[in-house]
Structures are given as structure tokens and as C-alpha cells.
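Student:
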Amino acid sequence: LSRQLYNAVKEAGGTVHWGGNFITIEGPRFSTRAESNVYRAWGMDIIGMTTSPEAFLAREAELCYAVMAHVTDYDVWHVSEEPVTVEMVIQTLQKNVRLAQEALRVLARNLREERQCDCEHALANALITDPKVVPLATRRRLALFLDKYWGRYEP
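Just so you know, we're using the working numbering here: the sequence shown kicks off at 5 and counts up by one.
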């Protein structure tokens, strides 16, 4: 899915980079210069306020998931750039929304149905709890995800 999304963004006319490190921070807020420099020292390429929770949940649900992160500013580390303002972010965000919409149209047109990944088996080696100790109500709530590994629960 990531490769297909990458190609869709390129076809939609966007500048796209493959890979990179993303750190999720609490927001909404802008980083301080000290925070921004720490994140860069850690090797982070993008600082954002979303993505990690969604990626974790998609993995646990065995869904294919790809991130289309649209950059709005350089953050405060880039001293030759103007300090980030809300107006700058909104203007760039509006442009990014148009690009994202077009990229998704391209992706939908070209999306292959067959999976070329192991996402659908992500939980196969992740479940360590004995299913016999999981409460019935919990088993029922998670049946969609776990029955294929634990079997249908019959009390």
C-alpha cells in the first residue's frame, strides 16, 4: 500500500520522499527550539501530532496502512526560515488538502486488490495471553480480530 500511495502522490504532482522517521508529539502546539533540535538529533525527519496511534491500531487490526504526511513548516530549528505562524500553516494545509484529495483519487483508480504484505497476519505471533483467561465479554468484543487465532469461544 505504501508503494502504491507513493506512486499516487507523484502522479498527482506532489513532492514525495520514501521513508523517514516520524515522531508524534502532544498537540496542538508548536515545538520549542530546544525540542525541535532534540528531535533532529534523534534522527527524526517529521514532527507531527498524529499518525502513531492510527498506525498502531491499524497494525493490531491487521489492516494495511500507509502514511501520507504533508509538511506544513520547517519547525523552529530552521533559523533562516520565518517563525511558524498559524496563518502559514493554514495556507500550506489548504494546498496539502487539495494534493491529498487528488492523490487519493489516483490511488483509488490504481489500487491493486491483492495484498503484497503480511499485514493480515500481524497478530499471529503477538498474542501471548491464554485465551482461557480472557473474559467472555472481551472475547466477544475482539472476536472479529482474534477468532482466527483462538477459535470461536464456546463457554
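Idealized CB from N, CA, C, for every residue including glycine.
Using a Cβ-Cβ cut-off of 7 Å (strictly less than) and excluding sequence neighbours within five positions of Y10, which residues of its own chain qualify?
Tutor: The residues are V20, W22.
Student: Give the straight-line distance between the Cα atoms of C68 and L115, rounded to the nearest whole angstrom.
Tutor: So the alpha carbons of these two residues sit roughly 12 Å apart.
Student: What's the gap between the Cα of T55 and the Cα of P32?
Tutor: Distance between the alpha carbons of T55 and P32: 14 Å.
Student: Just to check my reading of the structure: V93 and D77 have Cβ atoms closer than 8 Å, yes? What is that Cβ distance to the nearest angstrom?
Tutor: V93 to D77, Cβ: 6 Å. Contact.
Student: DSSP state of I50, grouped into three classes?
Tutor: I50 falls in the strand class under three-state DSSP.
Student: Given that a residue counts as buried once 16 or more other Cβ atoms are within 10 Å of its Cβ, and exposed if not, what is V137?
Tutor: Exposed, because fewer than 16 other Cβ atoms sit within 10 Å of the Cβ of V137.
Student: Does the segment 38-52 come close enough to the segment 116-135 that 3 or more CB-CB pairs lie under 8 Å?
Tutor: No, they do not touch.
Student: Please return the same chain residues whose Cβ sits closer than 6 Å to the Cβ of N25, not counting the five positions on each side in sequence.
Tutor: Answer for N25: G47, M48, D49, listed in chain order.
Student: Based on the DSSP output, what are the partners of T28 in its beta bridges?
Tutor: T28 pairs with G52.
Student: Apart from the five residues on each side of it in sequence, which residues of its chain come closer than 8 Å, Cβ to Cβ, to L97?
Tutor: Once the five neighbours on either side are set aside, the close Cβ partners of L97 are H74, T76.
Student: Counting only runs that start and end within the segment 90-144, where is the alpha helix (DSSP H) found for 4 or more residues in a row?
Tutor: Counting only runs of 4 or more, we get 90-114.
Student: Under a Cβ-count criterion, where at least 16 other Cβ atoms within 10 Å of its own Cβ denotes burial, should L111 be classed as buried or exposed?
Tutor: So L111 ends up on the buried side.
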